[in-house]
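> My questions all concern the structure below.
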Amino acid sequence: PIAPLIAETGGQNAMIVDSSALAEQVVADTLVSAFDSAGQRCSALRLLYVQDDIADRLLPMLAGAMAELRIGDPALLATDVGP
4 PIAPLIAETG
14 GQNAMIVDSS
24 ALAEQVVADT
34 LVSAFDSAGQ
44 RCSALRLLYV
54 QDDIADRLLP
64 MLAGAMAELR
74 IGDPALLATD
84 VGP
């Protein structure tokens with residue numbers, strides 16, 4: 004059973020991913036939470052815990068998506084992550 008959890012994490016915000024998660028959704032949500040605002044929000048994702056059963060599939064997908072992010076001047080529309 005899933006138990007709801009609310010925790011004060013002192014800015015060390017985590018995502019816990021188990022084998023029932025949709026890998027594509029996890030990748031999309033991770034990119035938005037960790038990299039939008041260049042990680043400068045207090046609610047930005049800092050820790051990603053992935054169940055072993057899904058890690059072999061998820062982590063290469065996440066690494067590939069991260070490799071596609073464009074780092075640069077945040078004033079440019081082509082930039083995904085700026086300083």
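Take the sequence shown: its letter number 10 is residue 13 in the numbering used here, and every next letter is one higher. Positions of the beta carbon are idealized from the N, C-alpha and C atoms, including for glycine.
1) Which class does alanine 24 belong to by DSSP, given the choice of helix, strand or coil?
2) Taking the C-alpha atoms as reference points, what is the distance between glycine 75 and phenylalanine 38?
3) Using DSSP with H/G/I as helix, E/B as strand and the rest coil, what is leucine 34?
4) From the DSSP output, read off the bridge partner residues of methionine 18.
This is what the structure holds:
1) Translated into the one-based positions of the sequence shown, residue 24 becomes position 21. For alanine 24, the secondary structure class from DSSP, reduced to helix, strand or coil, is coil.
2) Position 72 of the sequence shown, counted from the start, is the residue given in the question as residue 75. Position 35 of the sequence shown, counted from the start, is the residue given in the question as residue 38. Spanning the two alpha carbons is a distance of roughly 13 Å.
3) Position 31 of the sequence shown, counted from the start, is the residue given in the question as residue 34. Helix, per DSSP.
4) Stepping through the sequence shown from its first residue, residue 18 is reached at position 15. Methionine 18 pairs with Leu51.
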